[in-house]
Each structure stands twice: as C-alpha cells, then as structure tokens.
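Student: Submitted below is the structure of interest, expressed as structure tokens.
Numbering (this note's numbering), first residue to last: 630 to 876.
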C-alpha cells in the first residue's frame, strides 16, 4: 500500500481528500491571507516573522516565501484570479514585489535582501516603501500590532480553516492536520500541532477571537460551523480523534 511504501521510505504518510491544496496548502492559503492583511494594516513582514519565530516556528512565513520562491505563489495567485470572490479583500503587496523580479533567495531579493548569495536575509527598506505605497493606495491607516496579536491571528486563521478541512472530509481526524503541519510546515512540535494547541487554550477562546476579528472583516473571519458546533457541545479535537480512531 501507499502507507507501507511511505514507511519504507521513512516518510510520515497522511491520508487526504482531494481539493485545491489538499490539507496543508489549503490551510496555508488561509493563514497567509491573515498575515497579508496584518502586513497591509500596519505590521512589517519582519515584525511578523520575528513574532512567529518567538512562538516556535523555525522561520517566519515571509522567510519561507523567500526560500520557496515568490514566483510559485505569484503563479498560483494568477491561476486563481478569475475565480476569486470579488468581495474578498486582496492584498497586492506580494504581486508588486514579484513584478520587480524579486522572487527571494533565488534572485537575491524578495522580502529580504540576500547579499552575495547569503542564506540569511537582511531587512529591505524598499520593501517597506512598497508596503507604504500599497497602504496609501488602499486608503489604509496603519496601526500597531503586538507580537501576541500577530501570533493569535495567525494561529486562529490556521485552526479555523483546519475545522473547515475536517468538515469537508479532506482530513479524517484533527491529528492528521497536526501531523501535516508538524512535519511539513514547521509548526513547533512541542506545541503539539494547531488542533492540539487549540484544545490546550480552549475552543471557546478560538471562537471568541474569530467573533471579535469579524467586527472588522466579516468576510474573512467566518467561524467554521464545525467549530461553533463543537463549542456548543463542549467537545474537543481530541474527542474527534478518539471517535475516529482506526478510521
């Protein structure tokens, strides 16, 4: 079987249903929107990266983008553009950077500057200028973000979309999401994975955050019906893991 082959290759297999992005990239697309919104609203990419490294990620999301290559996401955004919901907020900052041919480490510039082939990037004042221009174009007055707020919004977006992935049957169990994010996306292992982390801080807390964030952007911050139902019934993701054990 495919699982047996994966184990022979010393890989961690996860069964996933079929959708754009499967488990990991579908969730990534959602928390990526959360950080793009924070960047346009006032947080710098460097502040966001630092806050998420402090949480335990080995790299911040903008560092990851530079490592993977900004052209990958640029091509995906162009592919999805014809079907994008016109009501959805769209941040153009990444597109403006890619239009300059700055794709990250492979080109020596992305969100960071990489001098002489360096693997560790330096902050780029030109990136901050591009962000400021886009804020002005969108008529956004920047505000301050604390490291805690950055972490909370990032993780809440991740967990909420994880609920949707479960509800849609793309992931069978919450632990499948945890394994995917732990082994494939750098989620700090000592925190157990996003769904385990949600259990530890409480699903009521996650739902309350979403309802609070929805006051400023009800289109993006829509609580997953599964999350609402679980809070109503006093359930945890661990309860779902146990109910689907052996499935």
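Every residue, glycine too, gets a C-beta built ideally from N, C-alpha and C.
Quick one: using the 10 Å Cβ neighbour count with 16 as the cut-off for buried, is residue 758 buried or exposed?
Tutor: exposed
Student: Under the three-state reduction of DSSP, which class applies to residue 744: helix, strand or coil?
Tutor: helix
Student: Is residue 791 helix, strand or coil when you go by DSSP?
Tutor: helix
Student: Can you tell me whether residue 667 is buried or exposed, with buried defined as 16 or more other CB within 10 angstroms of its CB?
Tutor: buried
Student: Would you mind giving the Cβ-Cβ distance between residue 783 and residue 681, rounded to the nearest angstrom? I have them listed as a contact below 8 Å.
Tutor: With a Cβ gap of about 6 Å, residue 783 and residue 681 count as contacting.
Student: If you drop the 5 nearest sequence neighbours on each side, which residues of the same chain put their C-beta closer than 6 Å to that of residue 587?
Tutor: Residue 587 cannot be examined here, being either before or after the span of the chain that is shown, 630 to 876.
Student: Where does residue 877 land, buried or exposed, given buried means 16+ other C-beta within 10 angstroms?
Tutor: Missing from the structure shown is residue 877; the chain here goes from 630 to 876 and no further.
Student: Between which two residues does the alpha helix (DSSP H) holding residue 865 run?
Tutor: No alpha helix (DSSP H) holds residue 865; DSSP gives it neither H nor E.
Student: In the DSSP assignment, what residue or residues form a beta bridge with residue 752?
Tutor: 741
Student: With a threshold of 16 other CB atoms inside 10 Å of the CB of residue 836, please say whether the residue is buried or exposed.
Tutor: buried
Student: Please list, in chain order, all residues of the same chain as residue 727 whose beta carbon is under 6 Å from its beta carbon, the five residues on each side excluded.
Tutor: 699, 703
Student: Check whether the stretch 655 to 665 touches the stretch 792 to 807, counting contact only when three or more Cβ pairs, one atom from each stretch, lie closer than 8 Å.
Tutor: Judged by Cβ distances under 8 Å, the stretch 655 to 665 makes contact with the stretch 792 to 807, as three or more pairs qualify.
Student: Is residue 653 helix, strand or coil by DSSP?
Tutor: For residue 653, the secondary structure class from DSSP, reduced to helix, strand or coil, is helix.
Student: On the DSSP bridge list, what partners appear for residue 733?
Tutor: DSSP lists 738 as partners of residue 733.
Student: Is the Cβ-Cβ distance between residue 765 and residue 750 less than 9 Å?
Tutor: no
Student: Under 8 Å, with one C-beta from each stretch per pair, do the stretch 815 to 822 and the stretch 767 to 781 reach the 3-pair mark?
Tutor: no
Student: Spatial neighbours of residue 867 within its chain, please: C-beta separation below 7 Å, excluding the five flanking residues on both sides.
Tutor: 828
Student: Look at the alpha carbon of residue 788 and the alpha carbon of residue 800, and state the distance between them as a whole number of angstroms.
Tutor: 13 Å
Student: Over the uninterrupted alpha helix (DSSP H) stretch that includes residue 722, give me the two end residues.
Tutor: 722 to 728
Student: Rounded to whole angstroms, what is the Cα-Cα separation between residue 631 and residue 808?
Tutor: Straight-line spacing of the CA atoms in residue 631 and residue 808 works out to 17 Å.
Student: Less than 8 Å between the CB atoms is what I'm expecting for residue 691 and residue 678, so what's the real figure, rounded?
Tutor: 5 Å
Student: Could you tell me which residues DSSP pairs with residue 800 in its beta bridges?
Tutor: 645
Student: Quick one: using the 10 Å Cβ neighbour count with 16 as the cut-off for buried, is residue 634 buried or exposed?
Tutor: exposed
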